[in-house]
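If you want the numbering used here, it's the 1-based position in the sequence shown plus 605. Single-structure report; data block below.
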Amino acid sequence: MIETPVSESVWDHAARPEPVAGQTPEAYTVERYAVADSGDDVPNGEGTERRAHTDAQGRRRNLTFPALPEPLPHPVVDNHTHLDMQDGLVRVSVVDAMATARDASVCGVVQAGCDVESSRFAVAAAQTVPGVLAAVALHPNEAPALTGLGVSADRDAQAPAGDGSANGSGAGASVGGRSLDEALAVIDELAGQRRVRCVGETGMDRVHTPESGLAVQEESFRAHIEIAKRHGVAMQIHDREAHEDVVRILRDAGAPERTVFHCFSGDPELARVCNENGWYMSFAGTVTFKNAAPLKAALREADPGLVLCETDAPFLTPHPFRGRPNAPYMVNYTVRGMAEILDTDLEELCRRIWENSERVYGQF
Numbered sequence: 606m607i608e609t610p611v612s613e614s615v616w617d618h619a620a621r622p623e624p625v626a627g628q629t630p631e632a633y634t635v636e637r638y639a640v641a642d643s644g645d646d647v648p649n650g651e652g653t654e655r656r657a658h659t660d661a662q663g664r665r666r667n668l669t670f671p672a673l674p675e676p677l678p679h680p681v682v683d684n685h686t687h688l689d690m691q692d693g694l695v696r697v698s699v700v701d702a703m704a705t706a707r708d709a710s711v712c713g714v715v716q717a718g719c720d721v722e723s724s725r726f727a728v729a730a731a732q733t734v735p736g737v738l739a740a741v742a743l744h745p746n747e748a749p750a751l752t753g754l755g756v757s758a759d760r761d762a763q764a765p766a767g768d769g770s771a772n773g774s775g776a777g778a779s780v781g782g783r784s785l786d787e788a789l790a791v792i793d794e795l796a797g798q799r800r801v802r803c804v805g806e807t808g809m810d811r812v813h814t815p816e817s818g819l820a821v822q823e824e825s826f827r828a829h830i831e832i833a834k835r836h837g838v839a840m841q842i843h844d845r846e847a848h849e850d851v852v853r854i855l856r857d858a859g860a861p862e863r864t865v866f867h868c869f870s871g872d873p874e875l876a877r878v879c880n881e882n883g884w885y886m887s888f889a890g891t892v893t894f895k896n897a898a899p900l901k902a903a904l905r906e907a908d909p910g911l912v913l914c915e916t917d918a919p920f921l922t923p924h925p926f927r928g929r930p931n932a933p934y935m936v937n938y939t940v941r942g943m944a945e946i947l948d949t950d951l952e953e954l955c956r957r958i959w960e961n962s963e964r965v966y967g968q969f
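Here it is, written out as structure tokens:
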């Protein structure tokens with residue numbers, strides 16, 4: 606069950622304080638939620654349904670949200686986030702997340718769907734909160750779960766350097782009583798609703814799906830491609846160690862006009878393939894990681910007119926905050942890191958990301 610409020614604010618009956626760069630944003634402070642740390646190795650805090658106190662190596666995580674950065678010289682967009690998934694010790698509503706994002710010059714976000722429930726949440730958020738657009742889809746790992754041929758990624762698992770943003774139980778021949786065809790029909794219906802500008806995240810994942818589930822995963826991906834083209838919206842691709850599969854399917858099925866590699870994880874060779882085909886590359890906090898030399902090289906290879914930026918929050922928090930909770934305002938740090946990698950003017954990069962984002966999704 607998604608517990609994230611959409612329009613409820615911690616300042617419903619009080620004036621919102623002025624933002625202070627260098628401090629944890631007010632909406633993300635633990636004191637707002639009267640949460641006590643039990644010390645148990647379990648998610649703690651109201652609405653904390655996503656990640657535990659320790660990482661995959663058993664190291665204790667810092668669950669406080671990083672400081673609010675200084676504003677950017679031009680607004681940017683967080684091209685992919687999961688506001689329905691909570692982390693840390695707080696439960697931040699969509700409206701408060703967007704208000705905080707604007708304080709950091711992040712004036713638009715694309716809320717991504719992973720299953721029917723989260724896709725419906727994305728639509729509700731987009732139709733209620735200014736600056737939010739919706740993407741709807743079944744995550745690649747959801748298709749095998751719906752057919753009983755695989756297990757979708759654990760929502761409560763610590764994400765490593767990749768994406769890891771799936772959810773779902775994977776038990777039985779359907780999840781929530783729906784078959785794959787029934788779930789795809791719901792996504793098709795949602796894709797036509799107001800403020801839905803994208804089908805995603807869809808694609809291929811060879812990390813969390815066994816070989817037996819790849820055929821149905823491809824079937825789902827192809828169905829999403831057709832949904833995106835039928836509704837004339839963009840498509841966001843989840844590509845986890847499946848570059849060859851994704852490129853093959855896009856070429857065979859015919860990619861939607863505006864195709865985005867969410868959390869781009871390729872090397873310069875894949876960047877060149879995207880350049881040749883006009884496919885957008887959305888870079889997450891992973892591009893700032895110290896061990897991300899191939900990804901940094903891919904960013905330098907990417908056509909500037911095809912570069913986007915995202916958080917994939919609550920995952921993939923950028924350096925130097927890796928492992929801590931992530932939120933849309935944090936894309937500010939990633940954009941700054943990208944400007945350093947590219948050795949380019951920060952304002953010029955911000956303008957380009959904004960313009961590219963509007964070219965893909967329309968006005969926010």
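Think of the CB as a built atom: it goes at the ideal place given N, C-alpha and C, for glycine as much as any other residue. Just so you know, these numbers come straight off a predicted model, no measurement behind them.
In the DSSP assignment, Gly942 falls outside any beta strand (DSSP E) and lies within the alpha helix (DSSP H) extending over 936–947.
Leaving aside the five residues that flank Ala847 on each side, the residues in its chain whose CB is nearer than 6 Å to its CB run, in chain order, Met809, Arg811.
Distance from the CA atom of Ser612 to the CA atom of Glu874, rounded to whole angstroms, is 43 Å.
A straight line joining the alpha-carbon of Glu952 with that of Met943 spans about 12 Å. Here Val700 is buried: its Cβ has 16 or more other Cβ atoms, across all protein chains shown, within 10 Å. DSSP, read as helix, strand or coil, puts Gln691 in coil. Between the stretch 825–839 and the stretch 728–738 there are fewer than three C-beta pairs closer than 8 Å, too few to call the two in contact.
The shortest CA-to-CA distance from Pro610 to any of Gly805, Ala632, Ser698, Glu881 is the one to Ser698.
Between Glu806 and His836, the gap from beta carbon to beta carbon reaches 7 Å or more. Within the stretch 883–936, the beta strand (DSSP E) runs of at least 3 residues that lie entirely inside it are, in chain order, 885–888, 912–914. DSSP links Thr814 through a beta bridge to no other residue. Where Ala796 is concerned, there is no enclosing beta strand (DSSP E), although the alpha helix (DSSP H) around it starts and stops at 785–796. About 5 Å separates the beta carbon of Ala706 from that of Tyr934, a gap short enough to meet the 8 Å contact definition. When DSSP states are grouped into helix, strand and coil, Thr629 belongs to the coil group. For Met840, the enclosing beta strand (DSSP E) begins and ends at 839–845. Each of Ser825, Ala709, Asp850, Glu823 was checked against the Cα of Glu623, and the nearest Cα belongs to Ala709. Straight-line measurement puts the Cα of Pro815 at about 48 Å from the Cα of Arg621. The criterion of a C-beta distance shorter than 7 Å is satisfied by Phe888 and Leu904. Arg877 places its beta carbon 7 Å or farther from that of Val838. With respect to the 7 Å criterion, Met606 and Pro919 are not classified as neighbours on the basis of their beta carbons. Between Ala750 and Val741, the C-beta spacing is not below 7 Å. Rounded to whole angstroms, the separation of the alpha carbons of Arg827 and Gly859 is 9 Å. Note on Glu915: 16 or more other CB atoms within 10 angstroms of its CB, so buried under the neighbour-count rule. In this structure, DSSP gives Asn667 a state outside helix and strand, which the three-state scheme calls coil. In the three-state reduction of the DSSP assignment, Thr864 falls in the strand class.
Between Ser962 and Val682, the C-beta spacing is below 7 Å.
Under the three-state reduction of DSSP output, Leu751 falls in the helix class. Here the alpha carbons of Leu913 and Arg957 stand approximately 8 Å from one another. Excluding residues up to 5 positions away in sequence, Ala626, Ala709, Asn937, Tyr938 lie with their Cβ nearer than 7 Å to the Cβ of Pro674 in the same chain. For Thr686, the uninterrupted beta strand (DSSP E) run begins and ends at 681–686, by DSSP. Note that the C-beta distance between Leu855 and Arg800 is not below 7 Å. Sorting Asn684, Thr686, Val695 by C-alpha distance to the C-alpha of Arg637 places Val695 at the top.
Residue nearest to Gly753 within the set Asp872, Phe869, Leu819, Ala632 is Leu819 (criterion: CA-CA distance). In the three-state reduction of the DSSP assignment, Leu855 falls in the helix class.
With respect to Pro923, Gly890 sits close: the two C-beta atoms are nearer than 7 Å. Excluding its 5 nearest sequence neighbours in each direction, Gly713 has C-beta neighbours in its own chain below 6 Å: Val682, Gly736, Phe969, listed in chain order.
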